[in-house]
Amino acid sequence: MAFLVRKLHLLENLYYFCDADESISEDLEKNSTIDRSEKLYVYKTTVDKKNLEPKPEDFLREKKFLGYRTFDTGDFSLAKASYFFVQAQEPNETAFQKAAEAIYLEALWQNIRFVDDLFYLRILEEGGKMLFQILRTIETKRAI
């Protein structure tokens, strides 16, 4: 599967609430302050530009749930920044790895540096279909 890597300039923070208690998030969802149809995860990567032939499993390591989308503040925010991202349907670990690899290769091709060693995974429902987005923060000279 080939992925199209795009540049995203997130103009405001996206907030997420990590529920330790399922009943709390259900109450928040009823009050329209949380959207459980969108989840955010983070992965660490051990792949950097020195890895000329990285293993697919090295792109996404140490998966951690960061929360459900909320509309004001939360436990975590996906920061206003510039990202490389891929969006596709049918969320699964193999697709996530291939999308992360596509982002890595595009950054090598364009000689763009990453800000850190993290990939973010958003899983969301849109129009009755499950989608995923893999994002990685990139350095940019453009002021946001």
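If you number the sequence shown the way our numbering does, the last residue is 527 and the count never jumps. Heads up, the beta-carbon is just placed ideally off N, CA and C, and yes, glycines get one too.
In chain order, what residues of the same chain have a beta carbon less than 7 Å from the beta carbon of residue i, not counting five sequence neighbours either side?
i	result
V430	P437, D441, F442 and Y487
S420	L507 and E508
G457	Y398, Y399, F400 and G450
A482	F386, V469, A471 and I517
K512	Q472
K427	R444, E445, D500 and L501
In its own chain, which residues sit with a C-beta less than 6 Å from the C-beta of residue i, not counting the 5 before and 5 after it?
i	result
Q516	F468, Q470 and R505
F459	Y399, L449 and G450
The beta strand (DSSP E) spanning residue i covers which residue range?
i	result
F459	F459 to L461
A471	S465 to Q472
F479	Looking at the DSSP string, F479 is not in any beta strand (DSSP E); the run it does join, the alpha helix (DSSP H), is E476 to Q493.
L393	Careful: L393 lies outside any beta strand (DSSP E) and carries neither H nor E.
T428	Run containing T428: none; DSSP gives neither H nor E here.
L518	K512 to T520
F539	Absent from the model: residue 539. The displayed extent of the chain is 384 to 527, so no value can be given.
E440	No beta strand (DSSP E) holds E440; DSSP gives it neither H nor E.
R505	L501 to E509
Quick one: is residue i buried, meaning 16 or more other Cβ sit within 10 Å of its Cβ, or exposed?
i	result
R389	exposed
F454	exposed
L518	buried
K524	exposed
K433	exposed
K422	buried
What is the rounded straight-line gap between the Cα of residue i and the Cα of residue j?
i	j	result
A462	Q493	23 Å
I417	F497	30 Å
E522	I495	7 Å
Y466	Q480	17 Å
E489	E509	26 Å
A464	R444	23 Å
L491	F386	15 Å
L514	D499	24 Å
T520	R452	19 Å
If you drop the 5 nearest sequence neighbours on each side, which residues of the same chain put their C-beta closer than 8 Å to that of residue i?
i	result
V425	K446, K447, L449, L501, F502, Y503 and L504
E484	P437, P439 and F442
For the ligand PLP, I want to know if residue i counts as a neighbour, meaning its beta carbon is within less than 6 Å of at least one of the ligand's heavy atoms.
i	result
T456	Among the components modelled here there is no ligand, and therefore nothing to report on the ligand PLP.
Examine the Cβ distances between the stretch 472-479 and the stretch 387-400 and report whether three or more of them are shorter than 8 Å.
no
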